[in-house]
Amino acid sequence: MFEFLENYRNVSIPAREMEGVELTCRLGAGVPEDEIPTQAPGQLREFWRRTSGGLLLVDEQFGICGLTLHAPTEAKQQTRDRAEYGYELSESDWVLGEFVGDTDMLIVDANDTVLISAGSYPRAEWYSFGSLSDVLSRYVEAGAEKYWERVTR
636 MFEFLENYRN VSIPAREMEG VELTCRLGAG VPEDEIPTQA PGQLREFWRR
686 TSGGLLLVDE QFGICGLTLH APTEAKQQTR DRAEYGYELS ESDWVLGEFV
736 GDTDMLIVDA NDTVLISAGS YPRAEWYSFG SLSDVLSRYV EAGAEKYWER
786 VTR
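As numbered in the working numbering, residues 636 to 788 make up the sequence shown, in order.
Written out as structure tokens, the structure is:
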């Protein structure tokens, strides 16, 4: 399901649209099974078996694109922190990632639905997907471009 991430464990890739800019990928090893929270949705459990998170296509030079992916403890902490800031997050949500350069988040909810927040817009206006693996693989294929913003919600 997340095998494609192996190619992005520790590499730099030239940015397609930005000459001279490298996109950094530094993904950690998988999380031991006994350290993955039992209440985590299935897709998250599979993701964390493959990697503990890290940087995925991050522009470290200018900080304008990329995705920072979180380990289980960080994901829960980010959920609490963002909820305190007023984002429509529930205790059962998991903020798996944060997009570099803005406030958008990659979230997996208790129903195993993948959500991408749209800034500070209400939750009803967030992007919704069925597959975390598909979202991440398409994001990689798009070279860190937010492909979902080009389609209708």
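Just so it is clear, CB atoms sit at the ideal spot from N, CA and C, and this is done for glycine as well.
Note that the coordinates shown come from a computational prediction; the quantities given were computed from them, not determined experimentally.
Asked: Where Tyr756 and Leu750 are concerned, what is the direct C-alpha to C-alpha distance, given to the nearest angstrom?; Found: 13 Å
Asked: Please report the straight-line C-alpha distance between Glu668 and Leu679, rounded to a whole angstrom.; Found: 12 Å
Asked: In chain order, which alpha helix (DSSP H) runs of at least 4 residues are fully inside the region 756-788?; Found: 767-776
Asked: Take Leu702 and list the residues in its own chain whose beta-carbon comes closer than 6 Å to its own, dropping the five residues that flank it on each side.; Found: Leu691, Gly732, Phe734
Asked: Once you ignore the five residues that flank Arg772 on each side, which residues in its own chain have a CB closer than 6 Å to its CB?; Found: According to the sequence displayed, residue 772 carries Ser and not Arg. Phe639.
Asked: Using only alpha-carbon positions, find the residue among Ser766, His705, Pro676, Gly754 that is nearest to Gly721.; Found: Gly754
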